[in-house]
Structures are given as C-alpha cells and as structure tokens.
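In this note's numbering, the protein residues as written are 465 to 884.
Where is the CB? At the ideal position from N, CA and C, for every residue including glycine.
Report on the following structure.
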C-alpha cells in the first residue's frame, strides 16, 4: 500500500495504556516503568479498579513523565474487575460515567492538567464469539445502542481546554462506538490492541489472564498493521485480516498486566517511533516541556520534565511553562499551533520558547538554578570577574561557571585552582 494511502496515519501514531488499576495494597502492573514509553494513559476511576490514593498517585506519576491523562470508566464491579455487565437504563448509565470521569477530573483540575480522552473499560470484544469481555462497558457499547449513546452523552460534558469540543473517545474502529461518536460530534480515536493476537475474523483473542508476548512476533504484527492496516491472524498461516481502520487518529493500546509489559512497551514504542520518524520526521524526544509548579513546592521538585511528540501534544501551555524545542522541530510549530493551545487568541508572545541544540545544557542550567542560592551565584560571578582580571579571559570565565553548574565547583588548571 502506498504511503499516501494510509488514512489512519495523517497524524503521528500514539500509544496508550490502561493504568491505575491497583487497589489499596494490591498492585496491578508496573505503571511507572511503562510511562516513559507511551503517549497517554487511561486511569481507572474506582469502579472496576483504583481508589482515591491510587488515582492521585497515578496522576502525579503521569505528570512527572509528561504523558497525557484520560479517564477509564467501567461498571461498578470491583470483584469482577469490570468484566460483568450490570443492567441499567440509559440515564443511570450516563450518570454512572459522569460520576467516574468527574472524580478523575477533580484530581486533574487540582494539578492544572487537562483531561485528554475517555476510554471505556476494556478490550474490544469478539462479536462472533461468547467472550468474557463482551460484558465490559467497552464491549456493551459496541453492541448496545442505548448504552453507547448514554456513555457518549456523559462524554460530551467534558470538553477540551478551550471548551469548544468534547474530549476524544478511544474505541474500536468500524463499530457502533465510532458511528455514535460521529453522530454526536465527539472526536473519535481508533485503536489497535498491540499486545493481543487477532483471529481470522479480525477479533482480539482474549483470555482470562494475559499470555506472554513473543517480542519478535509483536514487532512484525505492529509494523504490518501500521503500514498496511492489516494484521496476521493466529492460525499458524500467513493470512492477514483487515482491521477496518478509517481516517480517525490511531492509537496503539498495550496493557500493564501483560507478562513482560515493560518490554512490550519498549518494543511497541520503538516500532511506532520508527514509523512516525519515517512518515513525519518526528522523534519522540523532540519536545521537552519544563513545568514549574507553584512556589509552595520544595525547590528540588520545582521542575518536572515532560516529553511529547512535536506534532501531537495536547497540553495547553501555562504562563509558568518553558519549552525546550530543538531547531528541527521549529518548522512544525505553526502547523501544530492548535495542539499547543497557541492561536490568534493565545499569541506566541505570551509563552517563552527557548531553542537548545543539547538538552543537557538546559538540564544543567535548571539544576544550577535549583541547587545554588543567590549567594553562591554571586560568588560564582565574582570568581568569573576575578578570572578575567587574572588573564583567563571571557571564555575561561564562562568555562569556569559552566563547570560550577555541572560539578558543584569550578576548577581551572592545576596551578590555578579556584573554589566556589
């Protein structure tokens, strides 16, 4: 298939993972180890998994790693892990979803983080086979119009930071979820389940517990799906099935409870990164957002590093954010202003943009500002002036200050040792 015939790849492909599914002292998956390798996460809202402390800790961890945060609502089924259908009318279902998303949204509002998306619990169900997952909220949405419309009505109450459009819904391509979202004006993001295999009908093969994933086979299947929209089915042959991908943005889903989930995340991230680089010239590390929290925070936590794709960041910049963007990404800024919340109503002059060729330089400066008091800074500058008087010159003085940034002390040659 020609490169121009990939309607699902009009924007960089993302990776998302369901997270925050621990409860009390019980742990599910190594969420934080997976976070560096994904674009966004869907946090459980307490009905099938999660609790207030788990939700809060997951939000903080996601912010620390710079990934966007969405809601992962479910039926009220803690014991069944959200896998059992609960009969209810449309109004009751709508309020149940609003309740859960609202709980997560409160934590996000406290931290000044926008809600990125909504992804109902859980994996796409095989419509032709009786499945454990057919009873999840996600599965019922694929087959029950009343439930699907109820969840979509709830989703419409939660809008993007500019308040103009609802947050996107992540779901299965070519299903009732996609058509209902289109009819109700809700942005839709189609997904491929990267760490599950598909049968000859194009349905996910789901078991009560996740099986270990063959990483070589995983790389082949993900690369094939991204390039052709088809994926090899698990029949021992070479048959490929159509995933029915459309023009909606595409996100690959992985699960934190899969055996070797961190290794799976690394491999999927590598394949997706290669695809995005080849098609868009975008690397995952192209954008680093440095967030300065409220002044009441401790100095050592005053800077948080967050990574986003240069073409696909939905975080709305605040006045206390700096962006470190390499020159290779500057050409994309104008074409992606809406992703950064910068437009006619939000002029570029309101933000501070700094271009660095080496991220280490930016990190060193931030470390310097955090670890040195004004007194130390004055002493450093005084030493710089002294060095100029002693013939070191401007370059020698700058080198000395830079050494102080990195090593907590500046040292010249052996016959010229200077302590800061």
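Note: residue 612 is not bridge-paired with any residue in the DSSP secondary-structure output.
Distances from the CA of residue 662 to each of 682, 523 and 486 were compared; the closest alpha carbon is that of 682.
Every alpha helix (DSSP H) of 4 residues or more that sits fully in the region 477 to 513 is shown, in chain order, as 495 to 498. When the Cα atoms are used, residue 684 and residue 717 turn out to be separated by approximately 16 angstroms.
Judged by their CB atoms, residue 691 and residue 470 are nearer to each other than the 9 angstroms cut-off. Contact between the region 550 to 563 and the region 526 to 533 is absent: fewer than 3 CB-CB pairs across the two stretches fall below 8 angstroms. Close CB contacts of residue 714 within its chain, under the 6 angstroms cut and outside five residues either way in sequence, are with 472, 477 and 654 (chain order). Rounded to whole angstroms, residue 652 and residue 645 show a C-alpha spacing of 6 angstroms. Straight across, the Cα-Cα distance linking residue 574 with residue 618 is about 21 angstroms. DSSP, reduced to helix, strand and coil, places residue 715 within a strand of the structure shown. Between residue 648 and residue 616, the C-beta spacing is below 9 angstroms.
DSSP lists 582 and 652 as the beta-bridge partner residues of residue 633. Nearest to residue 517 by C-alpha distance, out of 484, 499, 538 and 530, is 484. In the DSSP assignment, residue 623 forms a beta bridge with 630.
By the CB criterion at 9 angstroms, residue 611 and residue 623 fall outside the cutoff.
Within the same chain, 679, 682 and 683 come within 7 angstroms of residue 731 by CB-CB distance, once the 5 residues on both sides are set aside. Contact between residue 480 and residue 509 is absent: CB atoms are separated by about 16 angstroms, not below the 8 angstroms threshold. Closest in C-alpha terms to residue 656, from the list 613, 736 and 579, comes 736.
With respect to the 9 angstroms criterion, residue 635 and residue 583 are classified as neighbours on the basis of their beta carbons. For residue 659, the closest alpha carbon among the candidates 620, 696 and 579 is that of 696. Residue 657 carries a strand assignment under DSSP once its states are collapsed to helix, strand and coil. Here DSSP, grouped into helix, strand and coil, assigns residue 745 to coil.
Beta-bridge analysis with DSSP links residue 705 to 695. With a cutoff of 9 angstroms on beta-carbon distance, residue 514 and residue 581 are scored as not near each other. Residue 600 is not a Cβ neighbour of residue 563, given a cutoff of 9 angstroms. At the C-beta level, residue 707 and residue 614 stay beyond 9 angstroms of one another. Just so you know, the alpha carbons of residue 505 and residue 577 end up roughly 13 angstroms apart.
Sixteen is the threshold: when 16 or more other Cβ atoms of the shown chains lie within 10 Å of the Cβ of residue 733, as they do, the residue is buried. By the neighbour-count criterion, in which 16 or more other beta carbons inside 10 Å mark a residue as buried, residue 569 falls on the buried side. In this structure, residue 474 sits near residue 711, with a CB-CB distance shorter than 9 angstroms. Between residue 571 and residue 519, the CB-CB gap stays under 9 angstroms.
Apart from the 5 residues on each side of it in sequence, residue 488 sits with its Cβ closer than 7 angstroms to the Cβ of 515 in its chain, given in chain order.
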